[in-house]
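Colleague: This is the structure I have questions about; it appears just below.
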Amino acid sequence: MSDLNDYKNMWIFIETECGKAKNVGYELLNAAKPLAQKKGCELVAVVIGYQVDAIARDAIAYGADSAIVVDGPEYEYYTTDAFANALVALTEKYKPETLIVGATNNGRDLGPRVSCRIRTGLTADCTEIGVDEETGNMAWTRPTFGGNLMATIMCPNNRPQMGTVRPGVFKKGGYDRERTGKIIKEDIHVPEEQIRTTLVERVQEVAETVNLSEAEIIVSGGRGIGSAENFKIIEELADVLGATVGCSRAVVDAGWKPQVYQVGQSGKTVAPKVYFAIGISGAIQHLTGISGADTIIAINKDPDAPIFNVADYGIVGNLNEVVPALIAAFKEQKA
């Protein structure tokens with residue numbers, strides 16, 4: 008069994024598909040950079056995909072000190088067997104002290120597979136990461152008891168320390184094309200017969216068209232909208248602004264919108280430049296999911312709604328009067 012001192016460096020898994028990177032990897036580089044500096048270790052981007060050399064260079068521009076690349080046609084689309092095999096092989100060879108993966112659909116599948124195979128712990132769905140001052144262990148913070156409490160978890164006895172972190176919790180850092188770093192290419196391939204799933208057809212689902220995690224403007228409606236039909240006014244405002252439509256959990260529970268639109272603790276954690284909360288009271292689970300927003304604009308007829316405690320701008324009024332006025336104003340501004 009390896010000594011804990013044999014493990015070093017902090018790894019960020021950069022998720023890719025069809026040669027393109029998901030934003031969450033770059034967000035995590037920005038969040039992990041000061042932690043790696045605090046621990047005095049190197050920040051390494053791990054890129055697994057097909058034709059992804061440019062992504063490795065981008066990862067360094069976004070803050071990685073170096074990058075490890077596994078490239079092959081079997082990695083063009085995510086499969087559990089291929090990606091888990093590659094990441095386990097890299098982990099066993101290089102022995103990172105910390106491995107952070109984005110809590111996307113694929114990341115939530117990959118993280119547990121890898122942690123079980125290398126016999127270490129995994130803290131899933133984190134909303135905050137840090138370093139414990141006393142022990143130097145990673146401190147992983149995640150919601151528990153339905154989002155009513157936050158738990159901080161550490162893994163003192165096994166390495167690497169692993170966690171999955173929600174997209175949208177952190178911001179991407181600046182892109183510095185002058186940054187340089189070593190790029191290591193590892194030749195790891197998985198025989199076709201060892202990949203137990205076959206991609207028959209790729210269908211663009213609603214989940215891909217509702218890209219809340221990377222939206223710059225989100226217009227969300229809550230129970231105060233009144234009905235599924237009234238969401239037309241939300242969609243019209245979003246259309247004028249070039250925004251993405253979102254909703255609260257109450258709307259999903261009522262069957263007005265599919266779950267892919269849900270923003271909040273049990274939905275998507277988002278970090279847009281502007282977030283419109285219309286008819287949303289502001290339950291703690293929803294507020295946690297929008298804490299990364301730069302500007303929050305709340306519209307609610309209840310002046311005591313908790314959403315106004317976090318909003319940068321608030322309008323007390325009937326949304327059926329306020330929202331059409333906003334739509335008209337934005338249309339006029341565009342004209």
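Letter by letter, the sequence shown follows residues 8 to 342 in the working numbering.
Note that beta-carbon positions come from the ideal geometry of N, C-alpha and C, so glycine has one too.
Computed from a predicted model, the values in this text were never measured in an experiment.
1. Can you tell me whether residue 118 is helix, strand or coil according to DSSP?
2. Provide the residue(s) that pair with residue 225 in DSSP beta bridges, ordered along the chain.
3. From the DSSP output, which residues share a beta bridge with residue 20?
4. Thinking C-beta only, is residue 59 closer than 8 Å to residue 193?
5. Going by the CB atoms, is the gap between residue 283 and residue 227 shorter than 8 Å?
6. Which residue or residues does DSSP assign as beta-bridge partners of residue 193?
7. Given this structure, state the Cα-to-Cα distance separating residue 68 from residue 186, to the nearest angstrom.
8. If you measure between the beta carbons of residue 127 and residue 148, is that distance less than 8 Å?
9. Please say whether residue 243 and residue 322 have beta carbons closer to each other than 8 Å?
10. Leaving aside the five residues before and after residue 56 along the sequence, list all residues of the same chain whose C-beta is less than 6 Å from its C-beta, in chain order.
11. Can you have a look at residue 90 and say buried or exposed, based on whether 16 or more other CB atoms are within 10 angstroms of its CB?
12. Is any heavy atom in the ligand ADP found nearer than 7 Å to the beta carbon of residue 289?
13. Does the Cβ-Cβ distance between residue 36 and residue 52 come in under 8 Å?
14. Taking all protein chains shown into account, do 16 or more other C-beta atoms lie within 10 angstroms of the C-beta of residue 427, making it buried, or fewer, making it exposed?
15. Quickly, what does DSSP pair residue 145 with across the bridge? List them, please.
16. Assuming residue 314 contacts residue 288 under a Cβ cut-off of 8 Å, what Cβ separation, rounded to an integer in Å, is found between them?
17. I'd like to confirm the pairing. Which residues does DSSP put opposite residue 109 in its beta bridges?
18. Which partner residues does residue 307 have in the DSSP bridge list?
19. What are the boundary residues of the beta strand (DSSP E) that includes residue 160?
Modeller: Short version:
1. Sequence index remark: in the sequence shown, residue 118 carries index 111 (1-based). Assignment of residue 118 by DSSP, reduced to helix, strand and coil, places it in the helix class.
2. Position 218 of the sequence shown, counting from 1, holds the residue named residue 225. Under DSSP, residue 225 forms a beta bridge with 251 and 282.
3. Here residue 20 refers to the residue found at position 13 when the sequence shown is read from its first residue. Beta-bridge pairing links residue 20 to 53.
4. Sequence index remark: in the sequence shown, residue 193 carries index 186 (1-based). Sequence index remark: in the sequence shown, residue 59 carries index 52 (1-based). With respect to the 8 Å criterion, residue 193 and residue 59 are not classified as neighbours on the basis of their beta carbons.
5. Here residue 227 is taken as the residue at index 220 of the sequence shown, counted from 1. Here residue 283 is taken as the residue at index 276 of the sequence shown, counted from 1. Between residue 227 and residue 283, the CB-CB gap stays under 8 Å.
6. Translated into the one-based positions of the sequence shown, residue 193 becomes position 186. The partner list for residue 193 (beta bridge, DSSP) reads 77.
7. Residue 68 sits at position 61 when you count from the first residue of the sequence shown. Residue 186 sits at position 179 when you count from the first residue of the sequence shown. Rounded to whole angstroms, residue 68 to residue 186 spans 5 Å at the Cα level.
8. Mapped onto the sequence shown, residue 127 falls at position 120. Mapped onto the sequence shown, residue 148 falls at position 141. Going by C-beta atoms, residue 127 is not nearer than 8 Å to residue 148.
9. Working through the sequence shown from its first residue, we reach residue 322 at position 315. Working through the sequence shown from its first residue, we reach residue 243 at position 236. No; because the gap between Cβ atoms is not below 8 Å, this pair is not in contact.
10. For the purposes of this step, residue 56 is taken as residue 49 along the sequence shown, with counting starting at 1. Contacts found: 23 and 82.
11. Here the question's residue 90 lines up with position 83 in the sequence shown. Around the Cβ of residue 90, a 10 Å sphere holds 16 or more other Cβ atoms; the residue is buried.
12. You won't find the ligand ADP in this model; it holds no ligand whatsoever.
13. Looking up residue 36 in the sequence shown gives position 29. Looking up residue 52 in the sequence shown gives position 45. Contact: yes.
14. Beyond the ends of the chain as shown, which are 8 and 342, falls residue 427; an answer cannot be given.
15. Here residue 145 is taken as the residue at index 138 of the sequence shown, counted from 1. Partner(s): 138.
16. Your numbering for residue 314 matches position 307 in the sequence shown. Your numbering for residue 288 matches position 281 in the sequence shown. Their Cβ separation, rounded to whole angstroms, is 6 Å, which keeps residue 314 and residue 288 in contact under 8 Å.
17. By 1-based counting over the sequence shown, the position of residue 109 is 102. For residue 109, which the question treats as bridged, DSSP gives the partners 172.
18. Sequence index remark: in the sequence shown, residue 307 carries index 300 (1-based). DSSP, once it has assigned bridges, lists 323 as partnering residue 307.
19. In the sequence shown, the residue the question calls residue 160 occupies position 153. Note, residue 160: beta strand (DSSP E), 156-160.
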